[in-house]
Amino acid sequence: MADSELDAIRAKRLAELQQQQQQAGQQRPAGGSDPNDRNSREEQQQKQEDMRNTMLSSLLTQEARARLNTIALTKPEKGRMVEDILIQNARRGAFGGGKITEEQLIGLLEQVSKATEKTTKVNFDRRRAALDSDSD
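Shown next, in the form of structure tokens:
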């Protein structure tokens, strides 16, 4: 099988698991705190994370994966956002079946940084009249 076929199968399977989890969440009654229910939710989350990691491993080169892991350790929310973007683009077929290099990941990170950039502005409020006691 070609890499693009494997990526398509993985993306399809991940979508199916997510859909099953959403349907299972809608069928459960709210408010129950059954320990078995918690365990099954944790197992589902673990399976989802495993699928996510395998998909990212198939999308990224080792250098790019290492960089993404470093970012996820320092800024978890930014790392998760970049992972989501990568997975969404892979589902749409935006990468053309090839692996993403570290340089391509850096370009994506720059785009994300520009989009989420926060500008801060400092205003100095100088009240000379209140500070000047000699003018009386």
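Each residue of the sequence shown is one higher than the last, beginning at 1 in full-length UniProt numbering.
The beta-carbon is built from N, C-alpha and C at its ideal position, and this holds for glycine as well.
Keep in mind it's a predicted model, so treat the numbers as computed, not measured.
- Task: Check the Cβ-Cβ distances between residue 103 and every residue of chain B, and say whether any is below 8 Å.
- Result: This model lacks chain B altogether, as it is built from one protein chain only.
- Message: Among the candidates 9, 106 and 127, whose CA atom is the shortest distance from the CA of residue 71?
- Response: Translated into positions along the sequence shown, residue 71 becomes position 71. The shortest C-alpha separation from residue 71 is found at 106.
- Nearest-angstrom Cβ-Cβ length linking residue 67 and residue 57, presumed shorter than 8 Å: Taking the sequence shown and counting its residues from 1, one reaches residue 67 at position 67. Taking the sequence shown and counting its residues from 1, one reaches residue 57 at position 57. That pair is no contact at about 14 Å.
- Task: Would you please state the rounded distance, in angstroms, between the beta carbons of residue 96 and residue 7? I believe it to be under 8 Å.
- Result: In the sequence shown, counting from the first residue as 1, residue 96 sits at position 96. In the sequence shown, counting from the first residue as 1, residue 7 sits at position 7. In fact, because the Cβ distance is near 10 Å, the residues do not count as touching under 8 Å.
- Query: Where does residue 9 land, buried or exposed, given buried means 16+ other C-beta within 10 angstroms?
  - Reply: As a first step, residue 9 is located in the sequence shown; it is residue number 9 there, counting from the start. When all chains shown are included, residue 9 counts as exposed.
- Message: Given this structure, state the Cα-to-Cα distance separating residue 35 from residue 45, to the nearest angstrom.
- Response: If you number the sequence shown from 1, residue 35 lands on position 35. If you number the sequence shown from 1, residue 45 lands on position 45. A direct Cα-Cα distance of roughly 15 Å separates residue 35 from residue 45.
- Message: Relative to the C-alpha of residue 115, which candidate in 104, 124, 81 and 100 has its C-alpha closest?
- Response: For the purposes of this step, residue 115 is identified with residue 115 of the sequence shown, where counting begins at 1. Out of 104, 124, 81 and 100, 81 has the C-alpha closest to the C-alpha of residue 115.
- Message: For residue 60, which residues in the same chain have their Cβ closer than 8 Å to its Cβ, ignoring the five residues on either side in sequence?
- Response: Indexing the sequence shown from 1 puts residue 60 at position 60. These residues qualify, in order along the chain: 68, 86, 99, 100 and 105.
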